[in-house]
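Notes to accompany the following structure.
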Amino acid sequence: MGTLNALMGLAQQALMADQAALNITANNVANQNTPGYTRQVVEWQENDSVTIGSLVLGTGASAQGVSQRDRVLEQRVQQQIQTQSQSSALQNALSQIQNIFGISSTSTSASSTQLGSALNSFFNSLSALAANPSDTPTRQAVISAAQNLAGAFNAASNQMQQVSSGLNQQVSGDVDQVNGLLSTIASLNQKISTTSPDADAGVLEDQRQQAIAQLSQYIGLDQITNENNQITLTTTNGAVLVSGDQSYSITTANVGGATHLYAGIPPQDVTSGISGGDLGGALQVRDHLLPQYQSSLDELAYQVGTQVNTVNAGGLDGTGAVGGNLFNLPSTASGAAGYITVATTDPAAIAAAATGEGATGAGNAQALAALATGTTFSGQTPSTYLSNLLGQIGSDTASAISDNTAQQAALSQLTSQRNALSGVSLDEEAANLTNYQRAYQAAAKVFSITDELMASALNLGVDSAVS
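Going letter by letter, the sequence shown gives residues 25 to 491 in the working numbering.
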């Protein structure tokens, strides 16, 4: 009877282990589409044997699920998400700036843009005036061309300010998302340290990895695994975001019209040090690239306006008086593109004649028209200066597009590597189900036969009575 009892126990143990294996496989199948799920494999372990005299008897096996997780590979994926998200944000913002000027990644011709066309039209109108300085419609055409040029500068500057404002809103929205995820990760840290401080935490760890992956879309991170299976998260410049079961929210403040970020213990301005994620890309454009483009645009507007004003003041207008300013400008180049306006609507205010020529002369009009081919813009003509600015914007945008494509490809490759290890393969799970089903059936058969043997032993070989 002892032997039959042992056999019955072995059959029961086998049934339980096979049932556990079936449950693990079924759970994999059920979660094949669950974001962040890490598949489990069945780990079989032989139970301790029992020694009776000189006889060593096995006591069966047990089965448990083990998550197929590579922490190093998971961190590489998360880091690549940060890089790809930054390049994507950079591309999107630069594409908006590119659209302001009407250029594309394949064409940066200044003459085909609104601003380039307005600049050329203005200088062409001055050339026409040099040929017919006393004609009122020709003078009026100069005023109209000047208004169109100022309007083009204003429009480009205002739209660039709108892009900057949009990036401020993007930064604020990202911070809200980041803070919510930080709280989630801290809570999961606490649960993991309580339930599984020394081993893989299964579902809880899946949830934490998924939350960190989502967080990586917004901000660059460094992470350290601590005791009790907890994780500390910091920004790339070292400000603590999560430590154990505590999260430290990022706060924002308006500094000079820009949204700045404060993080760490105690909170400090970390705006300039943020990289990675959507925040890194948005801040790179808002704080570095956009100011460069705006400064160049302001410089062009200021130089054009200042030089036209200077030359016009050196001639005689239609009434024979000394010419005045044609453009209103700020005292410095800063903000000139947004501020520039035409100072007069009177066609006679244009000083076409040079001093000593009389009111019908064209010497000063020729000097005004010659500004188009002058090289006083850092050794460049106005059109060349604008072409270089637009070329820089187009080049930066094309580079961002190319980089984002490469980063996306790298992320896809790393994700495929992770999925090969941690993802669910339905073909593999189907084969496992068949294998565990047969093992379960075999264990059930052992159980059934043992049951018959025990019944036969109790009945002393008689088929009736106890069954």
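Where a beta carbon is used, it is the ideal one built from N, C-alpha and C, also for glycine.
Just so you know, these numbers come straight off a predicted model, no measurement behind them.
- Distances from the CA of serine 320 to each of Ala463, Tyr409, Val264, Thr275 were compared; the closest alpha carbon is that of Tyr409.
- In the structure shown, the three-state DSSP call for asparagine 71 is coil.
- Residues of the same chain with a CB within less than 7 Å of the CB of glycine 359, apart from the 5 flanking positions on each side, are Asp322 in chain order.
- Bounds of any alpha helix (DSSP H) do not take in alanine 386, whose DSSP letter is neither H nor E.
- For the stretch 276 to 342, the continuous alpha helix (DSSP H) assignments of 4+ residues that do not extend past its boundaries occur at 301 to 308, 314 to 337, in sequence order.
- Restricting attention to alpha helix (DSSP H) runs no shorter than 4 residues, the stretch 414 to 478 encloses none.
- Remark: C-beta atoms of isoleucine 216 and arginine 232 approach each other more closely than 9 Å.
- If one requires a minimum length of 3 residues, no beta strand (DSSP E) run lies completely within the stretch 199 to 230.
- In the displayed model, asparagine 52 falls within a helix according to three-state DSSP.
- Per DSSP, the continuous alpha helix (DSSP H) segment holding leucine 139 begins and ends at 138 to 155.
- Cβ neighbours of aspartate 269 within its own chain (closer than 8 Å, five residues either side excluded): Ala210, Ser211, Asn213, Gln214, Ser217, Gln254.
- The alpha-carbon separation between threonine 283 and serine 188 amounts to approximately 10 Å.
- The shortest C-alpha to C-alpha distance from glutamine 69 to any of Arg63, Ser78, Ala85, Asn57 is the one to Ala85.
- Judged by beta-carbon spacing, valine 335 lies beyond the 9 Å limit of alanine 373, meaning their Cβ atoms are not closer than that value.
- Judged by DSSP in its simplified three-state form, asparagine 250 adopts coil rather than helix or strand.
- Counting along the chain, alanine 87 sits inside no alpha helix (DSSP H); it lies in the beta strand (DSSP E) bounded by residues 85 to 91.
- A straight line joining the alpha-carbon of valine 309 with that of alanine 117 spans about 7 Å.
- Alanine 433 sits exposed, since fewer than 16 C-beta atoms from the chains shown fall within 10 Å of its C-beta.
- Annotation: the continuous alpha helix (DSSP H) that includes valine 101 extends over 95 to 125.
- The three-state reading of DSSP puts serine 271 in strand, counting E and B together.
- Following the DSSP letters along the chain, one finds leucine 353 in no beta strand (DSSP E), marked with neither H nor E.
- Out of Asn178, Gln108, Leu31, the CA that lies nearest to the CA of valine 366 is found in Asn178.
- For glycine 204, the closest C-alpha among the options Gln110, Ser112, Leu265 is that of Leu265.
- The stretch 298 to 309 and the stretch 144 to 162 do not touch, with fewer than three beta-carbon pairs separated by less than 8 Å.
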